[in-house]
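Asker:
2 protein chains.
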Amino acid sequence: MHSMNKKLILITNDDGVEAQGIQVLMEEMSRLGEVIVVAPDSARSGAACGITSTRPVSLRSLGRRGDVSVYACSGTPVDCVKLALEQVCPRRPDLIVSGINHGDNASCSIHYSGTMGAVIEGCLKAIPSIGYSLRTLSHQCDFSPYTSELSRIASFVLENGLPQDVCLNVNFPEVASLAGSRVCRMARGIWQHEWVPAHNPRGMETYWLTGRFSNLEPEANDTDYWALDHGYAAITPIHVDMTAYETLSRLQSLAR
Amino acid sequence: MHSMNKKLILITNDDGVEAQGIQVLMEEMSRLGEVIVVAPDSARSGAACGITSTRPVSLRSLGRRGDVSVYACSGTPVDCVKLALEQVCPRRPDLIVSGINHGDNASCSIHYSGTMGAVIEGCLKAIPSIGYSLRTLSHQCDFSPYTSELSRIASFVLENGLPQDVCLNVNFPEVASLAGSRVCRMARGIWQHEWVPAHNPRGMETYWLTGRFSNLEPEANDTDYWALDHGYAAITPIHVDMTAYETLSRLQSLAR
């Protein structure tokens, strides 16, 4: 009877099933419920909400790690969530968590993020969903400053749910100790100087994607970027309905 | 002097540079200004806002088709826009159009759409941007019922611009003659029954992504899905700021 009442938590990410960040989530979420992992078999950085429509997607059990069942998928983070819900999970998960991403997904970077792609997919399936990301350039880093806070947020969501069509984008600054957590809006921001010419021995014109991010409203203290810059975790509620409601009446002149 | 005043229009898509839909856009947009095409070298369906971060992206001139300069890119639709803006366009485009996608991108399908990924990217770069999609299953179809309407919408946006951080998602129904055009919101919808087991001769567990879409509010007459179902073009303004503003105060209890 007890296991019937245990919460079911699905974990995924975009850095791949062997990434350091997802191991931290496995350990922390195991304290809160029964855990299933379905994650990409290797890194899918920048996968956004991409789906695999031109070839079959493979699913492979990696067995159990402690109490956690782990699966690797050849598809995108969104594919992982879709496959997990229909082909892996014995019942509907109570919570989906994605991450911990190595690199922040604040401001407009959310649009490119595979971590948040999985979270948006969970939300579209009406399951409370949270993405976690850490502002770091390192592939190996210390996640201990964030574990209690990420568990607190997950527990809150398990207990209270989230508003309809809303998921959470949680970003951590790289600090020894968090200043706190703030509920934020997305900063307006822009990526610039995005391409570096690449040497191509076959003579093709090729470029590496890179870039510099600029926060376009650095003074505003209610944004995710401000929070990260000041040592706070940024908790940003994200609406999967992207309609620009405030412009509907203004654009009525386009109807005919 | 005249060419200096001509509007510059950038065209891309996610079905690839040789797709039928993008040829239609080239022809129609050539009447409105100077046109540059930078599009994927083959289909990128379901690419969403994905970016290519793990390998270089190639850019290849295909020469001119009439008055239009055409380039093929090995990356995603978002990569195409980013490359076009920094490496191809002689000046900042006045308009970015993407499509015409073969298949609609209404309701939650916007999240998976490479067509709309390019549009969102244009909007993040503060350029008026429009995505066009046709509800059809066919790779060869008659676009003539839509050409005058898509040009009307593009002309409107060239003349009036769009509100800050807002782009347009335009979807056409497959009809001989449009009933009209409506300014809409995104319908709430869900994809279900998404996987079909695939035969794999090597014995791996594999699945094809497919699915059935359900409009969760079929009675509402202000949605993009309703418009398409009733023969109207659906013009949906999309906000690239995904913050769920109406929940910010309600979620303040998560701050600490």
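Chains as they are written, first to last, in our numbering: chain R, 36 to 291; chain P, 36 to 291.
Even for Gly, the Cβ is constructed at its ideal location relative to N, Cα and C.
Name the chain P residues whose beta carbon is nearer than 7 Å to that of R:ALA119?
Answerer: Within 7 Å Cβ-Cβ: nothing; R:ALA119 doesn't reach chain P, min ~11 Å.
Asker: So, using beta-carbon positions, are R:HIS265 and P:MET277 closer together than 8 Å?
Answerer: No.
Asker: Roughly how many angstroms lie between the CA atoms of R:SER24 and R:GLU63, to the nearest whole one?
Answerer: There is no way to answer for residue 24 of chain R, as the model of chain R reaches only from 36 to 291.
Asker: Between which two residues does the alpha helix (DSSP H) containing R:TYR260 stretch?
Answerer: Looking at the DSSP string, the run of the alpha helix (DSSP H) that includes R:TYR260 is 259-264.
Asker: Listing by chain order, which chain P residues have their CB less than 8 Å from the CB of R:ALA78?
Answerer: Residues of chain P passing the Cβ test: THR89.
Asker: What are the residues of the segment 245-258 of chain P that lie near chain R, defined by any Cβ-Cβ distance shorter than 7 Å?
Answerer: Cβ contacts with chain R: none found.
Asker: Quick one: give me the first and last residue of the alpha helix (DSSP H) that P:PHE248 is part of.
Answerer: Note, P:PHE248: premise wrong, no alpha helix (DSSP H); beta strand (DSSP E) at 247-250.
Asker: What is the C-beta distance between P:GLN175 and P:GLN55, in whole angstroms, given that I count them as a contact (C-beta under 8 Å)?
Answerer: Yes, P:GLN175 and P:GLN55 are in contact; Cβ-Cβ is about 6 Å, under 8 Å.
Asker: Across which residues does DSSP place R:GLN227 in a beta bridge pair?
Answerer: For R:GLN227, which the question treats as bridged, DSSP gives the partners R:ARG247.
Asker: Determine whether the Cβ of R:GLN55 lies closer than 8 Å to any Cβ atom of chain P.
Answerer: With 8 Å as the cut-off, R:GLN55 does not count as an interface residue toward chain P.
Asker: Between the C-alpha atoms of P:LEU286 and R:LEU203, what's the straight-line distance to the nearest angstrom?
Answerer: Computed Cα separation, rounded: 10 Å.
Asker: List the residues that DSSP assigns as beta-bridge partners of P:THR278.
Answerer: Note: P:THR278 sits in a beta bridge opposite R:ILE273.
Asker: Does the separation of the CB atoms of R:GLY134 and R:GLY85 fall below 8 Å?
Answerer: No, the pair does not count as a contact, with Cβ atoms beyond the cut-off.
Asker: I want to see whether chain R comes within less than 8 Å of P:LEU97, judged by CB atoms only; does it?
Answerer: False, the Cβ-Cβ gap to chain R never drops below 8 Å.
Asker: Which chain R residues sit within Cβ distance under 9 Å of P:TRP230?
Answerer: The answer, in chain order, is VAL92, LYS117, LEU118, GLU121 and GLN122.
Asker: Which first and last residues belong to the beta strand (DSSP E) in which P:SER164 is found?
Answerer: Counting along the chain, the beta strand (DSSP E) containing P:SER164 begins and ends at 164-169.
Asker: Measure the Cβ-Cβ separation of P:ARG95 and P:MET61 and say whether it is below 8 Å.
Answerer: In this structure, P:MET61 does not lie closer than 8 Å to P:ARG95 by Cβ.
Asker: Which first and last residues belong to the beta strand (DSSP E) in which R:ILE131 is found?
Answerer: From DSSP, the beta strand (DSSP E) with R:ILE131 extends over 130-137.
Asker: The beta strand (DSSP E) that contains R:ASN204, what's its start and end?
Answerer: 201-207 is the span of the beta strand (DSSP E), which, as asked, contains R:ASN204.
Asker: With H, G and I counted as helix, E and B as strand and the rest as coil, what does DSSP make of R:LEU197?
Answerer: Coil at R:LEU197, not helix or strand.
Asker: Can you check whether the CB of P:THR241 is closer than 8 Å to the CB of R:SER104?
Answerer: Contact: no.
Asker: Excluding sequence positions up to five away, which residues of its chain have a Cβ less than 7 Å from the Cβ of P:ALA141?
Answerer: The answer, listed in chain order, is ASN206, ALA222, ASP259, TYR260, LEU263 and ALA269.
Asker: When DSSP builds the beta bridges, which residues end up paired with R:GLY215?
Answerer: R:GLY215 is bridged to R:TYR267.
Asker: From the DSSP output, which residues share a beta bridge with P:ALA107?
Answerer: Answer by DSSP bridge pairing, in chain order: P:ALA74 and P:ARG95.
Asker: Out of P:ASP129, P:VAL123, P:GLY51 and P:TRP243, point me to the one whose CA is closest to P:LEU43's CA.
Answerer: Among P:ASP129, P:VAL123, P:GLY51 and P:TRP243, the Cα nearest to that of P:LEU43 belongs to P:ASP129.
Asker: Using the beta-carbon of each residue, which ones in chain R are nearer than 8 Å to P:ARG220?
Answerer: What P:ARG220 touches in chain R: ASP276, THR278, TYR280 and LEU283.
Asker: Listing by chain order, which chain P residues have their CB less than 7 Å from the CB of R:THR241?
Answerer: Ordered by position in chain P, the residues that pass the 7 Å Cβ test against R:THR241 are PRO91, VAL92 and SER93.
Asker: Is R:ALA262 a contact residue of the ligand MG, with contact defined as CB to any heavy atom under 7 Å?
Answerer: The ligand MG is not among the ligands present in this structure, which contains no ligands whatsoever.
Asker: Between P:ALA214 and the rest of its own chain, which residues show a CB-CB distance below 6 Å, the 5 nearest in sequence each way excluded?
Answerer: Cβ within range, chain order: GLY266 and TYR267.
Asker: Could you compute how far the alpha carbon of P:PRO75 sits from the alpha carbon of P:ALA161?
Answerer: In a straight line, the C-alpha of P:PRO75 is about 22 Å away from that of P:ALA161.
Asker: Whole angstroms are fine: how far does the CA of P:PHE191 sit from the CA of P:LEU67?
Answerer: Between P:LEU67 and P:PHE191, the C-alpha separation is close to 11 Å.
Asker: Report the three-state DSSP secondary structure of R:ILE86 (helix, strand or coil).
Answerer: Three-state DSSP puts R:ILE86 in coil, outside helix and strand.
Asker: As a quick exercise: from R:VAL113, R:VAL70, R:LYS41 and R:ARG90, pick the residue whose alpha carbon is nearest that of R:GLY51.
Answerer: Comparing Cα positions, the closest option is R:VAL113.
Asker: Beta carbon of P:CYS143, beta carbon of P:GLY81: below 8 Å?
Answerer: Contact flag unset, no.
Asker: State the CB to CB distance for the pair P:LEU244 and R:THR87, rounded to an integer number of angstroms; the pair is presumed to be in contact (CB under 8 Å).
Answerer: Contact holds; Cβ gap of about 6 Å.
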